[in-house]
Amino acid sequence: MSSIPVRAPYIEPTKLGHKFHTTVDVLRLDEVHPVVSGNKLFKLQGYLEEAKVQGRKTLVTMGGAYSNHILAVAAAAQLEGFHSLGLTRGEKPTPLSPTLTDAVALHMELRFIARHLYREKDMRQMLSPADKSNDHYFIPEGGYGRTGARGAATIMDIPCARDYDGIIAAVGSGTTLAGLVLGGADHQTITGIPVLKGAHSLEAEIRNLLPPERHEKFSLIEGYHFGGYAKHTPLLLDFMNQLYLETGVPTDFVYTGKLFYAVNDLLAKGFWPAGSRLLVVHSGGLQGNRSLAKGTLIF
Ligand SMILES: *Cc1c(COP(=O)(O)O)cnc(C)c1O
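Numbering (our numbering), first residue to last: 45 to 343.
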């Protein structure tokens, strides 16, 4: 795997807002690397620095078989000279998912954790007493935490990002959105599109990463999860193909397909005033599309 990033992030115009007299540009974080793309390396920055300062040798994290986060940790560990240990839910699948295959190729050690134990989310409990815990640096699932948000805030340092009226991003753990709120300018509205169903505590979890004066600086728009996390429908997949034909922007079915669907729908509903200049954060994740049947997507 080549080094990261292979390409600096850039902003690209689209015609999505033309009908509505709105500017819709895309921040192409999906282009930083073919496999380790998007917001994940931004979120990891602070954790990597802390692990170095503390002299830890092994990065430990947890995630599912298609997790962009697991793969990003594997890649970051290799680049920065750490070992990496990935704790994954359930039985070892045969064959391994493309994501886990890539993680192993990046020298990540995988452990498959019984579901009841995984559910507790206590990574220390998932390790055996024989593991040398002094070496371990634990990165929370999905990179959730203030350290992760601080890293994600640097997304807003990308030239021109603070010039837009509105920033829109997909929301999983909310760490990236918190980072956009931290790094954004005061005049900007930050809108998050949750990709999980019924994430009641999400708003509180995002606030938890922010100082009180920023608690009201973002909004979440529900109703675009398409059945829940990593769920999809023919409508969503058709939209992703159509979007690609119209804009040349490829999306993933877990996060950014739902994000762009929401942007398109909200534009039609007049959510943003005419004349708005909007920046959609393409957070990457395209590697996850490899779990779809071949031919489902045209890109
Ligand atoms: C992880 C991920 C997100 C969500 O990021 P959070 O910080 O967890 O909200 C969005 N898009 C892609 C492509 C991701 O991989």
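Just so it is clear, CB atoms sit at the ideal spot from N, CA and C, and this is done for glycine as well.
Query: Using only alpha-carbon positions, find the residue among Leu-336, Leu-303 and Leu-311 that is nearest to Leu-71.; Result: Leu-303
Query: At the level of alpha carbons, what is the spacing between Lys-136 and Asp-166?; Result: 20 Å
Query: Along the chain, which unbroken stretches of the beta strand (DSSP E) at least 3 residues long are found entirely within the segment 191-271?; Result: 210-215, 233-238 and 262-264
Query: Mind checking Phe-343: buried by the 16 CB within 10 Å criterion, or exposed?; Result: exposed
Query: Just to confirm, is the Cβ distance from Val-307 to Tyr-273 under 9 Å?; Result: no
Query: Please give the ranges of any beta strand (DSSP E) in the segment 156-191, keeping only runs that are unbroken, at least 3 residues long and fully inside the region.; Result: 180-182
Query: Check Phe-304 in the structure and name its three-state DSSP category.; Result: helix
Query: Is the distance from the Cβ of Gly-223 to the Cβ of Gly-192 below 9 Å?; Result: yes
Query: Quick one: is the Cβ of Asp-296 within less than 8 Å of any heavy atom of ligand 1?; Result: yes
Query: Should Lys-84 be listed as close to ligand 1, given that the test is whether its C-beta is under 8 Å from any heavy atom?; Result: yes
Query: Taking buried to mean at least 16 other C-beta atoms within 10 Å of its own C-beta, is Glu-185 buried or exposed?; Result: buried
Query: Thinking C-alpha only, which one of Thr-66, Gly-301 and Pro-57 is nearest Ser-320?; Result: Thr-66
Query: What does the alpha-carbon distance come out to for the pair His-113 and Gly-339?; Result: 25 Å
Query: The alpha helix (DSSP H) with His-113 in it runs from where to where?; Result: 112-124
Query: Please name the residue, chosen from Ala-196, Phe-64, Pro-57 and Leu-60, that lies closest to Gly-314 on a Cα-to-Cα basis.; Result: Phe-64
Query: Going by DSSP in three states, His-62 sits in which element: helix, strand or coil?; Result: helix
Query: Taking only three categories from DSSP, how would you classify Asp-296?; Result: coil
Query: Of the residues Gln-98, Pro-255, Gly-228 and Glu-56, which one's Cα is nearest the Cα of Ala-196?; Result: Gly-228
Query: Per DSSP, Gly-130 is paired with what?; Result: Thr-105 and Leu-154
Query: Check whether the Cβ atoms of Tyr-162 and Met-106 sit closer than 9 Å, and answer yes or no.; Result: yes
Query: Just to confirm before moving on: does the CB-CB distance between Met-143 and Tyr-91 stay below 9 Å?; Result: Going by the sequence as given, residue 143 is Thr instead of Met. Taking 9 Å as the Cβ cut-off, Thr-143 and Tyr-91 do not qualify as a contacting pair.
Query: For the 8 Å Cβ check, are there 3 or more pairs between the segment 280-300 and the segment 251-264?; Result: no
Query: Could you tell me if the beta carbon of Asn-333 falls within a distance shorter than 8 Å of some heavy atom in ligand 1?; Result: no
Query: Does at least one heavy atom of ligand 1 sit under 8 Å from the Cβ of Ala-196?; Result: yes
Query: At which residues does the beta strand (DSSP E) containing Thr-67 begin and terminate?; Result: 67-72
Query: Give the DSSP-derived three-state secondary structure of Pro-2 in the structure shown.; Result: Nothing about residue 2 can be reported from this structure: the residues present for the chain run from 45 to 343 only.
Query: Under a three-way DSSP split, which group does Arg-321 fall into?; Result: strand
Query: Terminal residues of the continuous alpha helix (DSSP H) containing Gly-329?; Result: Premise fails: Gly-329 is in no alpha helix (DSSP H) and is neither H nor E.
Query: Got a sec, what are the start and stop residues for the alpha helix (DSSP H) Glu-94 sits in?; Result: 84-97
Query: Evaluate Ala-158 with the Cβ neighbour count: other Cβ atoms within 10 Å of its Cβ, from every protein chain shown; 16 or more gives buried, anything less gives exposed.; Result: exposed
Query: May I ask you to report which of helix, strand or coil DSSP gives Pro-78?; Result: coil
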